[in-house]
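Protein chains in written order, with the numbering used here: chain Y, 3 to 626; chain X, 18 to 259. What follows is a short report on a single structure.
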């Protein structure tokens, strides 16, 4: 390559996949380029033609079509097309037409194959389509985190210690001491028919047996935990971590089918997990007053940054942050009850929005509500619940969870109501959809009971799942709302920027990325009667119906993961730089890798919105 | 053909292909003989069939009688493709002192010049890319006269060839480049027919670097754009060369 061609070489080197190409190859590539100017409207590649080139857009824009004639993609400066034809026996696979006057760099087939043979990164990039490219980018990232590649079975280091449910308290304690275990599994039946029915831990012994001074002859079945939370041996360690965080348990029996393989403890995972979000959670429960909680809330951001730096995925980070937020709330409720006395009637405290979806990040306000027992009498009981709600809400604000500007908090009397009122709210929002109810549905239909009588919340979840799937009008109007926010992708696959508060040209990764995605996933989940709350879990339950193609589901999952992780990284970088994290990203702050994959991800969102529009506008009367 | 015997007007009036034949028989220097013998396409040849070469010189000044060539960039091309594999660039030692003001413009330093060969040492390489091709330049008052004078100095004979001038095409397209009084009052600027300004009108990208090779490539791209916008691939070259 002539040294004077450096300008051209550098342009290539700024764009994927050439940004990672070795010096020598990129020089060979530059020297092989044939420049060609085409006017708007020129057919560059025609179906059935033999293709001899891969194309790089130096300036202008090109439209790529399927052979059916349907528009497949728009390619702009720094992007390539024509590679599939070269890989597919040199038959043009996607016809291409110049959308604008364009200057194209043609790379001859021989050089293309030379690069393909000698640069693995290039080969990976051109071999797979945009969306699969997104997937491989994600899997490369996840492979670097051990929690996501190692399975739970690896953590089991000793034989299971179990006892029949018929043993007495003292006997159970003796077995645990002899064997040196912190948890004892309790089985019904014998030999091959033995079934796991409960668990007792050190902590249970302390909190239930010792503090209540139970007689040593108490049957263990009276104090054991049943309704067991377990994990499959084939699960990844991070899934075990999510399960512990979500349920606030420190031991998980590991099952292989019905067979018990062992127990894993929080300490086993902590060995893998230096980010210590689990430590933080257990620390929260040791705090005796709001002051202490406020103090440790400063560690939340550190924990977040560490998880990001250790390549945790967004599901892990979102669940960990939600787990931490949930723990703060639970501890505040415990402290509140200590201060105000036991509640006059049972109640359930519920989290809404991102905390309920296990998709919380560091910039978050509090969305919560109370479901009270139907025996609630406002004049007699409400003073207590208002005081409790206020205690929790103020405490959360102290800990960095700012008050909800929309007043979606249990301190608002409207959102502190008995179960029957909640049922009527939900039925009304679904049955008579109006603007306000639709907005509420977006918030309240992501719900999770986190304290007290959580079965109240479960009842509401079932109600939503039953009713919403049968109300086509409700779904149609929800869909219309979900289309109001579009991804920031312009006509030419450029980013559409808005001015942020600091007068910088940015796009908002939440408002224009993750929020529209979780909105449309919610609608599909409601349509198929799913009770899942987390967007990834919702995608799984949508997958069990035939509502969306498997490929589309995978694309949505990848897009959500990628946009989320870019958003998360952006916030972590701000925190490390000592700035206040937000959701506004300047394109120049992204790496070429992130920019190119973000465009792929936004394209997925845009296509998914098109499908939603098609499904609910033109076919509004068709049922699932 | 000696410096003192100018080409007779009768020969200058011949159509280019015949003129090349005649000049080939008259030329004494082997490089020039080979150049003319490689021939010239006829004026009727559609532009899409014409082998061309974009040519750009950096010089110590604008007057070919007074200033010298400092660097040469060229790239053979056709209407369909500008193949970067054929790109060539040379720094040459000027006969005349390198003027201080042009040093910064070219980015070529005295140290570069001291290492550089004389044009006569690289003539064969340069002509290897010129033979059989029609030169395309932006602003025809540089390359042709400078090459002519340089060859007269070194070979004792000059050179004649047709050129396509992308600047002349722009000048033709924009006869009223200077804004009228009223337009000037409204803040309108004259239309630029310089290389960078012309390229902007066709949506061609901006090149940060300036060297003879990049400018030659930029000229070739501009010419492709001009043909696609204002002419056609079938336009005879006789309509375009000067």
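Glycine residues also receive a C-beta, built at the ideal position from the N, C-alpha and C atoms.
- Around residue 407 of chain Y, the same chain offers 367 as residues with beta carbons nearer than 8 Å, after the five sequence neighbours per side are excluded.
- With fewer than 16 other Cβ atoms inside 10 Å of its own Cβ, residue 197 of chain X counts as exposed.
- Judged by pairs of C-beta atoms under 8 Å, the region 323-339 of chain Y does not touch the region 575-588 of chain Y, as fewer than three such pairs exist.
- Judged by DSSP secondary structure, residue 151 of chain X falls within the beta strand (DSSP E) whose first and last residues are 151-154.
- At a Cβ-Cβ threshold of 9 Å, residue 411 of chain Y and residue 442 of chain Y do not count as neighbours.
- Counted as a single uninterrupted DSSP element, the beta strand (DSSP E) harbouring residue 46 of chain Y occupies residues 45-47.
- The beta-bridge partner set that DSSP reports for residue 451 of chain Y consists of Y/352.
- Interface residue (Cβ-Cβ distance to chain Y less than 9 Å): residue 99 of chain X is classified as such.
- DSSP places residue 226 of chain Y in the coil class of the three-state scheme, outside both helix and strand.
- Here the alpha carbons of residue 88 of chain Y and residue 319 of chain Y stand approximately 41 Å from one another.
- In the structure shown, residue 192 of chain Y falls within a coil segment according to DSSP collapsed to helix, strand and coil.
- Per DSSP, reduced to three states, the secondary structure at residue 88 of chain X is strand.
- Taking the Cα positions, residue 219 of chain X is about 24 Å away from residue 84 of chain Y.
- Here the alpha carbon of residue 617 of chain Y sits roughly 25 Å from the alpha carbon of residue 512 of chain Y.
- In the same chain as residue 105 of chain Y, and ignoring 5 residues on each side of it, the C-beta atoms closer than 7 Å to its own belong to 37, 39, 60, 61 and 62, in chain order.
- Here DSSP, grouped into helix, strand and coil, assigns residue 378 of chain Y to coil.
- In chain order, 466 place their CB closer than 6 Å to the CB of residue 447 of chain Y, counting only its own chain and leaving out the 5 sequence neighbours on each side.
- According to the DSSP assignment, residue 518 of chain Y belongs to the alpha helix (DSSP H) that extends over 517-529.
- In this structure, residue 57 of chain X places its C-beta atom within 9 Å of the C-beta atom of residue 34 of chain X.
- Residue state for residue 581 of chain Y is assigned as coil, using DSSP reduced to three classes.
- A direct Cα-to-Cα measurement between residue 439 of chain Y and residue 237 of chain Y gives close to 39 Å.
- Here residue 599 of chain Y is actually not in contact with residue 587 of chain Y; their C-beta atoms are around 13 Å apart, not less than 8 Å.
- The C-beta of residue 237 of chain X comes closer than 9 Å to at least one C-beta of chain Y.
- One finds 6 and 9 in chain Y with Cβ atoms closer than 7 Å to the Cβ of residue 231 of chain X, taken in chain order.
- Cβ neighbours of residue 245 of chain Y within its own chain (closer than 7 Å, five residues either side excluded): 231, 233 and 254.
- Take the alpha-carbon of residue 394 of chain Y and the one of residue 413 of chain Y: they are about 9 Å apart.
- Listed along chain Y is no residue with a C-beta nearer than 7 Å to that of residue 132 of chain X; the closest approach is about 14 Å.
- A direct Cα-to-Cα measurement between residue 302 of chain Y and residue 205 of chain X gives close to 58 Å.
- Inclusion of residue 222 of chain Y and residue 169 of chain Y in the CB contact set at 9 Å is warranted, their separation being smaller than that value.
- Annotation: Cβ neighbours of residue 226 of chain X in chain Y (cutoff 8 Å, chain order): 6, 8 and 9.
- Counting of Cβ neighbours within 10 angstroms places residue 206 of chain Y among the buried residues, the total reaching 16 or more.
- Bridge partners of residue 197 of chain Y according to DSSP: Y/190.
- Using a Cβ-Cβ distance cut-off of 8 Å, the region 174-183 of chain X and the region 80-95 of chain X are not in contact, since fewer than three pairs of beta carbons, one from each stretch, lie closer than that value.
- If you compare the alpha carbons of Y/604, Y/9 and Y/265 with that of residue 224 of chain X, the shortest gap goes to Y/9.
- Counted as a single uninterrupted DSSP element, the alpha helix (DSSP H) harbouring residue 171 of chain X occupies residues 157-172.
- By the beta-carbon neighbour count (other beta carbons within 10 angstroms, threshold 16), residue 200 of chain Y is buried.
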